[in-house]
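> Questions regarding the structure given below will be posed in turn.
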Amino acid sequence: MLLPDNIHPELSIYYNGAIVLEELQVSSVLHIMDLYQKMKIKNEISFSTYVLSLDWLYLIGAAKLNKQGEVELCS
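All residue numbers in the sequence shown are consecutive under our numbering, ending with 182.
Structure follows, in structure tokens:
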């Protein structure tokens with residue numbers, strides 16, 4: 108859910124996408140599972156919410172997945 112109306116905003120795709128972008132700004136390339144572990148430490152995030160956040164970032168052209176399984180920040 109992109110903008111929830113009945114739950115905490117920390118569970119939204121927008122919020123978690125912003126956290127992913129913050130991590131990618133520190134190191135512009137991270138393995139998909141390493142990034143998930145960092146996300147899990149910062150914010151109790153489920154894997155499905157994490158994947159949906161990555162999907163949203165890909166759709167808006169902010170992040171992409173390369174052939175080595177790493178998430179890259181798009182410029």
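A virtual CB, placed ideally from N, CA and C, is assigned to each residue, including glycine.
Taking the beta carbon of Ser-160 as the centre, do at least 16 other beta carbons fall within 10 Å, making it buried, or is it exposed?
Label assigned to Ser-160: buried.
> Who pairs with His-138 in a beta bridge, going by DSSP?
For His-138, which the question treats as bridged, DSSP gives the partners Glu-177.
> Nearest CA to the CA of Tyr-165: which residue from Ile-114, Tyr-121, Gln-144, Glu-117?
Nearest C-alpha to Tyr-165: Tyr-121.
> Leaving aside the five residues before and after Leu-131 along the sequence, list all residues of the same chain whose C-beta is less than 8 Å from its C-beta, in chain order.
Here the set comprises Leu-137, Leu-142, Ala-170, Val-178, Glu-179, Leu-180.
> Check whether the Cβ atoms of Ile-126 and Asn-150 lie closer than 8 Å to each other.
Contact: yes.
> Return helix, strand or coil for Ala-125, following the three-state DSSP convention.
DSSP places Ala-125 in helix when its eight states are reduced to three.
> How close, in whole Å, do the beta carbons of Tyr-157 and Met-146 come, if the pair is a contact with beta carbons under 8 Å?
Their Cβ separation, rounded to whole angstroms, is 6 Å, which keeps Tyr-157 and Met-146 in contact under 8 Å.
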